[in-house]
Amino acid sequence: MSSSANIHAPLALPSFAAATGAADLEAALAASFARQIAQLARRMGASADGIRWAQRAAFAVSRATSDGHVCVRLATLAQRYDASVDEVRAALRGTAVVTDLADLTSPAPWRPLVIDAQARLYLARYYVYEQRLARALVAHLDQGEQPVPVKEMRACLSRFFGAARNDGVDWQRVAAVLALSGRLVVISGGPGTGKTTTVAMILACLIYAQEAASSSSSLRIALAAPTGKAAQRMQEALRARAAGLPPALAAQLPDTSYTLHRLLRQRPDGSFRYGRDNPLPYDLLVIDEASMIDLALATHLFDAIAPTTRLILLGDKDQLAAVEAGAVFAELSARPAFGRAMQTRLAAALDVDASLFAPDAADEADAALTDCVVWLEHNYRFGLDSPIGQLARAIQRGAAHDALHLLTRAPAEASTDNQQTAALHEDAADTLCAATLAQLEAGFAPYAQAVAQALAQPRHAEHLAPLFDALNHFRVLCATHMGARGVAWLNAQLGAPVRQLTQSAHPAPLWAKGNPWFAGRPVTITRNDYALGLFNGDTGIALPAGDGALRVWFCDSEGRARAIAPAALPPHDTAFALTVHKSQGSEFDRVALVLPAHAHALLTRELVYTAITRAKTSVDIYSSREALAHAIATPTRRDSGLASRIAEALRARADATSS
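Under the working numbering, the first residue of the sequence shown carries the number 137, and numbering increases by one thereafter.
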């Protein structure tokens with residue numbers, strides 16, 4: 137490769153002036169970073185070849201992290217430019233801007249780019265995040281928890297889980313045994329598989345076991361989730377399950393929940409109050425919707441967990457991963473695997489054959505954690521033969537043909553309120569057709585009527601619960617935010633009928649051209665505001681207050697209402713339509729999923745699965761068959777090395793023990 141070539145020639149790097157959208161802006165930011173790395177390499181005396189590869193590497197890894205990857209494989213970078221991995225690695229190693237962990241002569245501290253032993257290329261901070269998280273995980277597993285004796289464990293299971301099933305392994309009980317035996321449990325299951333019920337019973341077992349051990353202090357328990365909506369839903373669901381527990385025990389369950397940022401007490405500068413030097417003051421921490429946690433936040437979370445704290449992570453490994461870089465939950469829950477001692481313990485506690493828990497060699501090789509992971513697969517909500525349940529399983533398998541067969545029904549059969557349904561409405565135009573828009577608008581007719589009824593009442597705040605129930609009856613979910621089939625455009629279209637219906641009850645000047653506010657406008661918060669106590673995912677509804685001015689009304693988990701002036705709200709969006717990402721942690725009676733007309737980078741198996749499992753009774757998908765089949769056949773793949781970092785931390789622990 138010629139060393140005299142212009143170092144900027146191999147890359148068509150966009151400028152900031154050319155950035156017209158989110159993708160363009162991300163590309164421009166990556167281009168700017170790549171130029172800075174190239175300039176740094178030049179100042180450090182790198183060859184022209186090394187400068188060229190440093191610029192290429194910096195651009196590639198920066199773009200990859202904006203797409204959710206933690207790293208880039210050197211093989212991918214080499215293939216892109218028709219080079220060998222050895223050639224690329226050698227060129228980068230000589231630039232003084234790359235730390236190559238396969239080269240023992242590489243100095244500390246970290247340089248801007250890092251290549252690990254498995255030939256993955258990182259931004260240094262993401263490699264450090266992976267390393268910190270892996271070490272914290274392994275250290276937490278090493279705290280020497282004294283397991284609850286098997287006899288007491290059997291008593292706990294019998295008391296709170298009832299009679300054992302006789303149709304195979306009861307994985308809810310397995311999760312309880314793991315929680316009573318160690319400090320970390322990772323529970324993966326789709327909607328309706330009983331995650332919240334399992335956690336409620338686990339908490340009951342832990343409280344009961346502590347009382348049996350004659351401990352005078354009660355367990356300090358905290359509930360948290362990535363978004364305010366998910367945290368509130370977990371608390372409400374847990375309270376409902378707790379109704380079946382003894383009153384004295386139920387009284388010890390937490391009566392509040394937190395977003396993770398609020399739990400860790402994020403400061404205005406982005407740092408957190410709680411961390412390694414100031415751990416969280418809890419004996420037990422339960423985190424729901426853990427699939428939404430990115431690598432950086434997971435690292436901060438594990439940094440803040442005290443050595444004696446038990447941690448239960450709940451999520452769905454098949455759902456969308458975090459918006460930011462990393463797919464931590466999917467990696468941790470990749471495979472359940474149990475060592476021989478745990479197999480024996482499970483067999484004794486559940487009175488079953490230990491061979492039921494012996495993983496095959498492939499499962500063990502894929503497992504990031506041992507004795508920590510449980511998959512809940514029995515669905516109590518949808519049932520084995522329900523349309524949504526069958527569709528969800530076909531999507532999980534990537535069986536596009538089977539999924540399309542299940543969805544091939546006459547549109548007239550879909551969207552009934554009396555039975556569960558799943559239907560495909562073929563609409564392949566770039567812009568949704570009039571019939572599709574009419575069906576989507578009709579879905580919000582009950583909500584519009586509920587708003588009109590609320591406006592007819594003298595005290596609106598006393599009638600909020602029916603309004604929120606009506607809003608959550610139906611929701612439109614989209615793959616994209618912008619475009620003719622995206623959230624922004626659909627919110628403008630779907631809000632018009634509600635606005636027209638309420639106009640007579642609340643006329644101008646609120647109806648002035650360009651004013652987005654109207655009675656009945658639902659909004660979702662998009663950024664945490666700790667001063668107002670509003671968090672990402674919280675939903676409010678605009679209604680006039682006693683003085684006639686519009687306020688946005690929110691309800692907390694206890695049903696208490698509070699009103700906030702629209703001008704005081706943190707960043708927010710109209711919420712007739714949501715992106716599928718934004719819908720995580722929510723649940724609706726009916727869901728309409730609108731996909732782009734053609735194959736799109738955002739269309740993945742996990743996106744479709746997440747969308748349809750937000751529904752309790754019916755799913756209507758508006759898409760072309762080709763775009764939907766493409767999505768189902770395209771699993772999300774995020775490059776990461778967390779499993780390697782965990783394996784390294786485990787080897788370091790073994791080496792330290794043997795020495």
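Backbone N, C-alpha and C define an ideal beta-carbon position, used for all residues, glycine too.
None of the values given here were measured: they were computed from a predicted structure.
Name, in chain order, the residues that DSSP records as bridge partners for Asp709. Thr660
Is it the case that the Cβ atoms of Val730 and Leu568 are separated by a distance below 8 Å? yes
Which residue from Ala735, Ala681, Thr395, Leu668 puts its Cα closest to that of Pro706? Leu668
His561 lies in the alpha helix (DSSP H); which residues open and close that run? No alpha helix (DSSP H) holds His561; the beta strand (DSSP E) holding it covers 557-562.
Report the three-state DSSP secondary structure of Cys292 (helix, strand or coil). helix
Tell me the rounded alpha-carbon separation between Ala214 and Cys207. 14 Å
Using the Cα positions of Ala224 and Glu162, report the straight-line distance between them to the nearest angstrom. The question names Ala, but residue 224 in the sequence shown is Val. Taking the straight line joining both Cα atoms gives about 24 Å.
Hey, how far is the Cα of Leu670 from the Cα of Asn664? 6 Å
Segments of 3+ residues assigned as beta strand (DSSP E) that fall wholly inside the segment 600-628: 610-614
CB contact below 8 Å: Leu714 versus chain C: Judged by its chain identifiers, the structure shown contains no chain C, having just a single protein chain.
Burial state of His537, where buried means 16 or more other Cβ atoms lie within 10 Å: exposed
Cα-Cα separation between His144 and Arg188, rounded to whole angstroms: Residue placement at His144 is poorly supported in this model, since its pLDDT is 39, which falls under 50; the coordinates still yield a value, given next. Looking at the two C-alpha atoms, the distance is approximately 7 Å.
Opposite Phe724 in the DSSP bridges: which residues? Ala751
Give the range of the alpha helix (DSSP H) segment to which Phe465 is assigned. 464-468
Roughly how many angstroms lie between the CA atoms of Cys341 and Phe654, to the nearest whole one? 49 Å
Bridge-paired residues (DSSP) for Gly411: Asn414
Roughly how many angstroms lie between the CA atoms of Thr793 and Arg787, to the nearest whole one? 10 Å
Based on the DSSP secondary-structure assignment, which residues constitute the bridge partners of Gly451? Ser324
Which residues in the same chain have their Cβ closer than 8 Å to the Cβ of Ala565, if we skip the five residues on either side of it in sequence? Ala733
Here's the rule I'm using: 16 or more other beta-carbon atoms within 10 Å means buried, otherwise exposed. How should Asn302 be labelled? exposed
Cα-Cα separation between Gly777 and Tyr263, rounded to whole angstroms: 8 Å
DSSP on His144, reduced to helix/strand/coil? With a pLDDT of only 39 at His144, under 50, the local geometry of the prediction cannot be trusted, and the value read off the model is given with reservation. Coil.
Does the separation of the CB atoms of Lys365 and Gly673 fall below 8 Å? yes
Relative to the ligand NAD, is the shortest distance from any of its heavy atoms to the C-beta of Ala751 smaller than 7 Å? In the structure on display, the ligand NAD does not appear, and there are no ligands present to speak of.
With distances taken between CB atoms, is the gap from Ala457 to Arg774 smaller than 8 Å? yes
DSSP-derived helix/strand/coil call for Asn202: A quick correction: the sequence has Ser, not Asn, at residue 202. DSSP places Ser202 in helix when its eight states are reduced to three.
Should the segment 755-775 be called in touch with the segment 476-491, which here means at least 3 C-beta pairs below 8 Å? no
From the DSSP secondary-structure annotation, give me the bridge partner or partners of Gly475. Gly475 is not bridged to any residue.
Report back the beta-carbon spacing between Ala504 and Ile782 to the nearest angstrom; my notes put them in contact at under 8 Å. 5 Å
Under the three-state reduction of DSSP, which class applies to Ile538: helix, strand or coil? Per the sequence presented here, residue 538 reads as Asp, with Ile not at that position. Here Asp538 sits in helix by DSSP.
The alpha helix (DSSP H) with Gly364 in it runs from where to where? 364-378
Any idea what DSSP makes of Pro443, helix, strand or coil? coil
Helix or strand or just coil, what does DSSP make of Cys508? coil
Here's a check: name, in chain order, each residue in its chain whose Cβ is nearer than 8 Å to the Cβ of Leu527, leaving out the five neighbours to either side. Ala539, Leu542, Leu543, Ala558, Ile748, Val755
Between the alpha carbons of Pro362 and Ala182, how many angstroms are there, rounded? 43 Å
Contained alpha helix (DSSP H) runs [length at least 4] in the segment 207-270, N- to C-terminal order: 210-216, 221-229
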